[in-house]
Each structure stands twice: as structure tokens, then as C-alpha cells.
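Working notes, beginning with the structure itself.
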Amino acid sequence: MALTAPSRTSPVRARQDADGMAVASFVLGLIGLLLFNAVFGPCAIVLGTLAIARNTRRRGRALLGLTLGIADVVLLIVLLTVNHSVFWQFGG
Numbered sequence: 001m002a003l004t005a006p007s008r009t010s011p012v013r014a015r016q017d018a019d020g021m022a023v024a025s026f027v028l029g030l031i032g033l034l035l036f037n038a039v040f041g042p043c044a045i046v047l048g049t050l051a052i053a054r055n056t057r058r059r060g061r062a063l064l065g066l067t068l069g070i071a072d073v074v075l076l077i078v079l080l081t082v083n084h085s086v087f088w089q090f091g092g
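Okay, so the sequence shown: first residue is 1 according to full-length UniProt numbering, each after it adds one.
So, in C-alpha cells, the structure goes:
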């Protein structure tokens, strides 16, 4: 009988954390399209990548959050290039 160190989190808890990261990635990516894309975009990318790496059950939501995070960063680059600012508005 071998002694092993107890794990800090159970597999169920780790899966729940990954599912929460997938949802957070989606929400941050969605909000980042409208507000603070310089902050929310990279956060969505990191959380989506971590959720996928930890085998979330909400893989689609994690991929969508990852995609929205990338869109946030692309939007930021376009705004910096075209307007020389990080803000965008409708109309003239």
C-alpha cells in the first residue's frame, strides 16, 4: 500500500472550475465587444484556453469565449489603427 499526497481539489471540483471558466470566458468576451476590450479580450482568451485545457463539459462555450476574446483584440487593433483611440461610437 503506497501513500500518496491528498489532492487539493477533487476531479468533480476541477471540472466545475473549468465549466465556470468557460462561462466566464464567454461573458467577458461578449462584454469586451462593447466595453474595455483591452482588458476583457485577453482575459476571455486566457480563461477559454484554460477551460479547454482542463476538459470542460462546456467546450462550445469556451471556444465561443476564445473566439470573442480574439475578436476583442482585433477590434482594439483596428480602433487603434483607424481612430487612434480605443473608443468607438455609432454615427459621426
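All C-beta atoms in this analysis are idealised placements derived from N, C-alpha and C, irrespective of residue type, glycine included. Note that the coordinates shown come from a computational prediction; the quantities given were computed from them, not determined experimentally.
Skipping 5 residues on each side, what residues in its chain have a beta carbon closer than 6 Å to that of residue i?
i     : result
Leu28 : Phe40, Cys43 and Ala44
Leu47 : Met21, Ala24 and Ser25
Thr81 : none
Val73 : Gly41
Classify residue i as helix, strand or coil using the three-state DSSP reduction.
i     : result
Asn37 : helix
Thr49 : helix
Arg58 : coil
Ser25 : helix
Can you check whether the CB of residue j is closer than 8 Å to the CB of residue i?
i     : j     : result
Ala62 : Leu33 : no
Leu35 : Leu68 : no
In the DSSP assignment, find the unbroken alpha helix (DSSP H) run with residue i in it and report its ends.
i     : result
Arg54 : Run containing Arg54: none; DSSP gives neither H nor E here.
Ignore the nearest five residues each way along the sequence and tell me which others in residue i's own chain have a CB closer than 7 Å to its CB.
i     : result
Thr49 : Leu66
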